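Undergrad:
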Amino acid sequence: MIVLGIESSCDETGVGIIRLGEDGSMEILADSVASSMQQHARFGGVVPEIASRAHLEAMPQVMRAALDEAGIDKPDAVAATVGPGLAGALLVGASAAKAYAAAWGVPFYGVNHLGGHVAVANLEGESLPHSIALLVSGGHTQLLEVQAVGKPMKELGSTLDDAAGEAYDKVSRLLGLGYPGGPVIDKLAAKGNKDAIRFPRGLSKAEDLRGEHRHDFSFSGLKTSVARYVERAEREGRVISVEDVCASFQEAVCDVLTAKALRACQDTGAKVLLLGGGVAANSRLRQLAADRCRSAGVELRVPRFSLCTDNGVMIAAVAAQLIHEGAEPSGLACGTDTSLEVEIPLVAAT
Numbered sequence: 023m024i025v026l027g028i029e030s031s032c033d034e035t036g037v038g039i040i041r042l043g044e045d046g047s048m049e050i051l052a053d054s055v056a057s058s059m060q061q062h063a064r065f066g067g068v069v070p071e072i073a074s075r076a077h078l079e080a081m082p083q084v085m086r087a088a089l090d091e092a093g094i095d096k097p098d099a100v101a102a103t104v105g106p107g108l109a110g111a112l113l114v115g116a117s118a119a120k121a122y123a124a125a126w127g128v129p130f131y132g133v134n135h136l137g138g139h140v141a142v143a144n145l146e147g148e149s150l151p152h153s154i155a156l157l158v159s160g161g162h163t164q165l166l167e168v169q170a171v172g173k174p175m176k177e178l179g180s181t182l183d184d185a186a187g188e189a190y191d192k193v194s195r196l197l198g199l200g201y202p203g204g205p206v207i208d209k210l211a212a213k214g215n216k217d218a219i220r221f222p223r224g225l226s227k228a229e230d231l232r233g234e235h236r237h238d239f240s241f242s243g244l245k246t247s248v249a250r251y252v253e254r255a256e257r258e259g260r261v262i263s264v265e266d267v268c269a270s271f272q273e274a275v276c277d278v279l280t281a282k283a284l285r286a287c288q289d290t291g292a293k294v295l296l297l298g299g300g301v302a303a304n305s306r307l308r309q310l311a312a313d314r315c316r317s318a319g320v321e322l323r324v325p326r327f328s329l330c331t332d333n334g335v336m337i338a339a340v341a342a343q344l345i346h347e348g349a350e351p352s353g354l355a356c357g358t359d360t361s362l363e364v365e366i367p368l369v370a371a372t
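Residue numbering for the sequence shown follows this note's numbering, beginning at 23 and increasing consecutively.
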């Protein structure tokens with residue numbers, strides 16, 4: 023069975039195609055993505071209206087490229103992200119998916135974007151056991167307890183303010199490095215001293231770890247601390263090392279992310295940690311997660327770089343798993359939900 027997935031929750035327009043075997047195995051046939059990132063660069067972040075229009079313009083070309091890459095005329099099922107995400111962006115992708123499904127006469131499945139980041143970890147390895155998923159991007163920083171792909175997930179913690187990727191973008195803008203901040207800060211950090219500046223670790227004090235925010239994140243204070251450090255240096259006439267600032271900032275982010283993720287594994291008894299989202303491509307996050315997982319006896323699963331950021335393959339993977347388990351289609355009356363809960367893997371018509 024051939025399953026096509028469409029992702030449009032933020033600024034990437036993705037179409038992925040998967041072949042689902044009778045035994046539940048999956049083979050990636052196509053992965054086509056167009057990004058509107060550069061259109062948002064001068065604003066220092068994603069502008070929802072620009073993202074929606076970019077999805078509308080890119081969809082036909084991305085779809086054609088995916089079908090050509092897979093060598094098919096049409097799939098056997100179509101899936102799309104219906105939440106969470108930006109309202110207009112979700113609407114464009116879901117509407118396009120429904121139109122394609124109707125034209126081809128195939129069933130439509132509306133799936134959860136967050137479940138997609140979990141599903142890609144199942145594509146290139148063994149089946150997924152009880153796990154903790156650390157999803158880190160410009161819009162999400164969450165710890166989820168996962169029982170299996172396509173099953174309801176439990177949110178253990180999330181960011182109380184800025185997402186990690188958002189903090190990268192804001193610090194990058196502060197340092198005059200442009201947008202997006204993740205790749206450029208990661209590159210400069212490799213040349214700096216991560217111990218040069220001791221930036222704060224949000225919600226990591228003993229009282230935080232004993233309380234209700236044990237698994238939550240906060241990066242707003244870290245961002246402010248970087249700003250105060252730069253302002254103080256400028257006021258005193260000191261020349262700062264941008265590389266050291268980047269390395270020290272990145273170390274603070276990755277330290278908190280990995281420490282809390284391993285604590286969640288310990289608390290739940292999970293023996294697998296999944297990394298997902300755009301920030302999962304960060305070199306320091308991968309290295310520190312690998313080191314700490316090795317020490318804790320936890321298996322680390324990280325998707326290939328191309329599957330870390332939003333893509334259609336991950337949406338097709340969720341739908342394929344649900345189809346394999348006999349789930350009924352959502353139907354064309356299925357709506358989008360900008361704040362879709364993690365407990366809902368498949369959205370039914372309302």
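No residue lacks a Cβ here, since even glycine has one placed at the ideal position from N, Cα and C. The structure presented is a predicted model; accordingly, all values stated were derived computationally and were not measured.
Give the straight-line distance between the Cα atoms of Arg308 and Ala211, rounded to the nearest whole angstrom.
TA: C-alpha separation (whole angstroms): 14 Å.
Undergrad: By a C-beta neighbour count over all protein chains shown, 10 Å radius and 16 as the cutoff for buried, is Asp313 buried or exposed?
TA: So Asp313 ends up on the exposed side.
Undergrad: Can you tell me whether Asp359 sits near the ligand FAD, meaning its C-beta is under 7 Å from at least one heavy atom of the ligand?
TA: Within the structure as shown, the ligand FAD is missing, as the structure has no ligands at all.
Undergrad: For Lys192, collect the residues of the same chain with a Cβ closer than 6 Å to its Cβ; drop the 5 residues on either side in sequence, then sort them by chain order.
TA: Counting only Cβ-Cβ distances below 6 Å, and skipping sequence neighbours, we find Lys245.
Undergrad: Counting C-beta neighbours from all protein chains within 10 Å, is the total for Ala119 16 or more, i.e. buried, or is it exposed?
TA: Buried is the call here.
Undergrad: Excluding the five sequence neighbours on either side, which residues of its own chain have a C-beta within less than 6 Å of the C-beta of Asn144, listed in chain order?
TA: Only Leu150 and Val171 meet the Cβ criterion.
Undergrad: At a cut of 8 Å, does the segment 321-337 reach the segment 90-97 through at least three beta carbon pairs?
TA: No, they do not touch.
Undergrad: Looking at Gly357: is its Cβ nearer than 8 Å to the Cβ of Gly187?
TA: Contact flag unset, no.
Undergrad: Can you check which of these residues, Thr331, Val140 and Lys282, is closest to Asp230 by C-alpha distance?
TA: Here the closest residue by C-alpha is Lys282.
Undergrad: Let's test the definition: count the other Cβ atoms within 10 Å of the Cβ of Asp238 and tell me whether it reaches 16, buried, or not, exposed.
TA: It is buried - the Cβ of Asp238 has at least 16 other Cβ atoms within 10 Å.
Undergrad: Starting from Ser54, follow the beta strand (DSSP E) in both directions and report where the run begins and ends.
TA: Where Ser54 is concerned, the enclosing beta strand (DSSP E) stretches over Met48 to Ser57.
Undergrad: Is it buried or exposed, Gly115, if we count other Cβ atoms within 10 angstroms and call 16 or more buried?
TA: Answer is buried; the Cβ neighbour count reaches 16.
Undergrad: Just curious, the beta strand (DSSP E) that Ile28 is in, first and last residue?
TA: It spans Ile24 to Glu29 - the beta strand (DSSP E) in which Ile28 sits, taken as one unbroken run.
Undergrad: When DSSP builds the beta bridges, which residues end up paired with Thr163?
TA: The partner list for Thr163 (beta bridge, DSSP) reads Val158.
Undergrad: Restricting to Cα atoms, I'd like to know which of Thr360, Pro367 and Glu363 is closest to Ala1.
TA: A query on residue 1 cannot be resolved here, the shown segment of the chain reaching from 23 to 372 and no further.
Undergrad: When you compare only the Cα positions, how much space is there between Val248 and Ser153?
TA: Cα to Cα, the separation comes out at about 34 Å.
Undergrad: Suppose you measure from the CA of Leu279 to the CA of Trp126; what does that come to, to the nearest Å?
TA: Their Cα atoms are separated by approximately 43 Å.
Undergrad: Buried or exposed: where does Gln164 fall if 16 or more other Cβ atoms within 10 Å of its Cβ makes it buried?
TA: It is buried - the Cβ of Gln164 has at least 16 other Cβ atoms within 10 Å.
Undergrad: Bridge partners of Asn134, per DSSP?
TA: Its beta-bridge partners are Gly105.
Undergrad: Can you tell me where the alpha helix (DSSP H) holding Lys245 begins and where it ends?
TA: Looking at the DSSP string, the run of the alpha helix (DSSP H) that includes Lys245 is Ser242 to Arg257.
Undergrad: Would you mind reading off the limits of the alpha helix (DSSP H) that contains Leu150?
TA: Taken as a continuous stretch (DSSP letters only), Leu150 belongs to no alpha helix (DSSP H), as it is neither H nor E.
Undergrad: Can you check DSSP and say which residues form a bridge with Thr181?
TA: In the DSSP output, where bridge partners are listed per residue, Thr181 has Phe239.
Undergrad: I need the straight-line Cα distance from Arg285 to Ala121, nearest angstrom please.
TA: If I take the Cα positions, the gap works out to 44 Å.
Undergrad: Roughly how many whole angstroms lie between the Cα atoms of Arg316 and Leu354?
TA: Approximately 46 Å, taken between the alpha carbons.
Undergrad: Taking Glu256 as the reference, which of Ser305, Asn304, Val69 and Leu197 has the closest Cα?
TA: Of the candidates Ser305, Asn304, Val69 and Leu197, the one whose C-alpha sits nearest the C-alpha of Glu256 is Leu197.
Undergrad: By the three-class DSSP mapping on this structure, what secondary structure does Ala436 have?
TA: Not covered by the structure: residue 436. The range shown for the chain is 23 to 372.
Undergrad: Going by DSSP in three states, Ile366 sits in which element: helix, strand or coil?
TA: Of the three classes helix, strand and coil, the one that applies to Ile366 here is coil, per DSSP.
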